[in-house]
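Notes for the one structure printed next.
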Amino acid sequence: MEKVDKLDRQILNIISKNARIPFKDVAEECGVSRAAIHQRVQRMMDMNVIVGSGYHINPKILGYNTCTYIGVKLEKGSMYKNVVPEFEKIPEIVECHFTTGPYTLMVKLYARDNEHLMELLNTKIQEIPGVVATETLISLRQDLKREIPICKVLDE
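This is the structure:
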């Protein structure tokens with residue numbers, strides 16, 4: 179597998195802060211051609227260093243005022259294979275993680291308000307076969323959101 183070198187990291191640092199920045203501006207900042215930037219970005223996409231692209235949407239503007247993390251306990255850990263597809267049917271769930279610790283799964287979801295959250299919990303999540311318990315943590319405010327730091331790996 180190809181390595182991510184110093185120029186790749188420089189490119190990642192720039193585009194992770196502003197995905198809409200024109201390649202010509204990235205090239206200028208890196209001191210290379212626009213074609214080199216395009217080739218590097220494409221290669222990193224092919225290597226799955228860069229995954230996905232898009233815009234960040236403000237949920238509150240769309241009426242989703244409650245951000246919630248829910249710890250989900252399953253009857254058996256192996257049941258996650260059946261539960262995750264059920265979570266995929268609930269559009270308000272935006273993340274699902276198979277975890278260690280007291281919960282089998284941790285999900286992040288957005289609800290319009292507490293009443294909507296209660297409806298999602300009682301009529302959707304807790305009704306999924308295998309779900310035996312949930313614990314709900316409401317986020318009062320998000321103060322930090324960023325990408326993983328792009329730093330030099332020790333083995334380079």
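Under the numbering used here, the first residue of the sequence shown carries the number 179, and numbering increases by one thereafter. Quick reminder that beta carbons are idealized off the backbone N, C-alpha and C, glycines included. Predicted model only: the values in this text are computed from it and were never measured.
Within this structure, are the beta carbons of residue 245 and residue 317 separated by less than 8 Å?
-> One-based indexing of the sequence shown puts residue 245 at position 67. One-based indexing of the sequence shown puts residue 317 at position 139. It is a contact, given that the beta carbons lie within the stated cut-off.
Beta strand (DSSP E) runs wholly inside the segment 248-315, at least 3 long, in chain order | 271-276 and 283-289
Per DSSP, which residues does residue 245 bridge with? Please list them.
-> Your numbering for residue 245 matches position 67 in the sequence shown. BP columns for residue 245 point to 288 and 317.
DSSP three-state call for residue 199: helix, strand or coil?
-> Indexing the sequence shown from 1 puts residue 199 at position 21. In the structure shown, the three-state DSSP call for residue 199 is coil.
Exposure of residue 250, with buried meaning 16 or more beta-carbon neighbours within 10 Å = As a working note, residue 250 is residue 72 in the sequence shown. Buried.
Distance, Cα to Cα, residue 282 vs residue 205?
-> For the purposes of this step, residue 282 is taken as residue 104 along the sequence shown, with counting starting at 1. For the purposes of this step, residue 205 is taken as residue 27 along the sequence shown, with counting starting at 1. Residue 282 and residue 205: Cα-Cα distance of roughly 45 Å.
Within its chain, find whatever has a CB closer than 6 Å to the CB of residue 190; leave out the 5 residues flanking it on each side and keep chain order.
-> Within the sequence shown, residue 190 is the residue found at index 12, counting from 1. 328, listed in sequence order.
Assign residue 229 to one of three DSSP states: helix, strand, or coil.
-> Looking up residue 229 in the sequence shown gives position 51. In the three-state reduction of the DSSP assignment, residue 229 falls in the coil class, being assigned neither a helical nor a strand state.
Whole-angstrom C-beta distance between residue 284 and residue 277, which should lie under 8 Å = Position 99 of the sequence shown, counting from 1, holds the residue named residue 277. Position 106 of the sequence shown, counting from 1, holds the residue named residue 284. Sure, about 5 Å apart at Cβ, within 8 Å.
Is residue 186 near residue 222, with beta carbons less than 8 Å apart?
-> In the sequence shown, the residue the question calls residue 186 occupies position 8. In the sequence shown, the residue the question calls residue 222 occupies position 44. The answer is yes: Cβ separation under 8 Å.
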